[in-house]
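Working notes, structure below.
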Amino acid sequence: MEAGIYVDALEREAGRLVAAASGGLGRPIAACPGWVVADVLGHLGRVYRSVTDIVSNRLVDQPTTRVPKPPSGDEVVEFLTTGLADLVEVLRSTPPDVPVITWGAVGNVGFYQRRMAHETSVHRLDVQAACGAVDSFDGDLAADGVSELYEVVLPFGLSRAGKGGPTGSLHLHRTDGPGEWTLEMVDDVLQVSSAHGKATAAVRGPGSDLFAFAWNRGCSEALEVFGDPTVAQAWAELAP
1 MEAGIYVDAL EREAGRLVAA ASGGLGRPIA ACPGWVVADV LGHLGRVYRS
51 VTDIVSNRLV DQPTTRVPKP PSGDEVVEFL TTGLADLVEV LRSTPPDVPV
101 ITWGAVGNVG FYQRRMAHET SVHRLDVQAA CGAVDSFDGD LAADGVSELY
151 EVVLPFGLSR AGKGGPTGSL HLHRTDGPGE WTLEMVDDVL QVSSAHGKAT
201 AAVRGPGSDL FAFAWNRGCS EALEVFGDPT VAQAWAELAP
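So this is what it looks like as structure tokens:
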């Protein structure tokens with residue numbers, strides 16, 4: 001996907017998150033035990049500032065600037081929105097191929113353009129689920145978010161934790177556009193394939209619902225589960 005699509009998604013999803021959070025800052029976040037809506041806003045506000053520092057200064061080494069702690073009460077909303085405005089500006093104005101430090105295999109600004117779109121999307125879902133109805137995601141963006149989870153986020157998390165994955169394989173099949181993913185642990189290394197194939201468990205449905213499932217945000221009625229459901233859930237629970 002082009003960088004502009006990611007930045008547009010970041011801005012759009014953050015706007016939906018803020019709209020949903022209004023009046024519900026104290027509501028609990030089911031997917032993040034111990035957190036309330038205000039904690040999500042504070043978390044994102046800090047992440048936005050950290051990425052803005054890296055990209056605006058084109059840092060290739062670990063940043064030394066300390067990110068401020070989020071304020072309490074209603075002020076956390078402005079903390080998020082001001083951080084968002086600065087981040088959107090710098091991500092729009094910086095080419096994706098500019099080298100910067102990241103925690104992924106791709107060491108350029110494009111990593112953050114993609115990562116911030118999907119990080120914000122996941123937490124928009126969290127906040128909307130806590131405060132009311134949940135909007136669906138664009139199918140193509142959701143499918144890209146599934147790919148990013150399995151190709152970037154999950155391998156990093158497993159490696160850092162020094163642990164393997166579930167016994168048994170998982171196949172996800174998108175029904176509203178292109179997108180297939182087969183996951184399997186081989187010698188404690190996550191293997192991801194985009195080919196169609198059989199697995200211990202399979203989950204089939206729209207990209208938006210697959211995105212939520214892959215990030216362990218529930219299995220909607222729009223999804224069909226085949227094979228061993230415990231294996232499917234074990235894979236979902238690996239999501240951070």
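Sequence positions in the sequence shown follow the UniProt record's numbering and run 1 to 240.
Yeah, the Cβ is synthetic: ideal placement off N, Cα and C, and Gly gets one too.
- The C-alpha of W215 lies about 13 Å from the C-alpha of A30.
- L125: member of the alpha helix (DSSP H) spanning V109 to C131, first to last residue.
- Less than 9 Å separates the beta-carbon of E224 from that of G205.
- Taken in chain order, the whole beta strand (DSSP E) runs of length 3 or more contained in the UniProt domain "MDMPI C-terminal" (140–233) are 170–174, 180–186, 189–193, 201–205 and 224–227.
- G83 and F226 have their C-alpha atoms roughly 42 Å apart.
- Annotation: G4 to R92 spans about 7 Å, alpha carbon to alpha carbon.
- Per DSSP, the unbroken alpha helix (DSSP H) holding I5 starts and ends at A3 to A21.
- In this structure, DSSP gives V88 a helical state, which the three-state scheme calls helix.
- Segment contact: the segment 50–57 against the segment 155–164, fewer than three CB-CB distances shorter than 8 Å; contact not assigned.
- Secondary structure at V100: coil, using DSSP grouped into helix, strand and coil.
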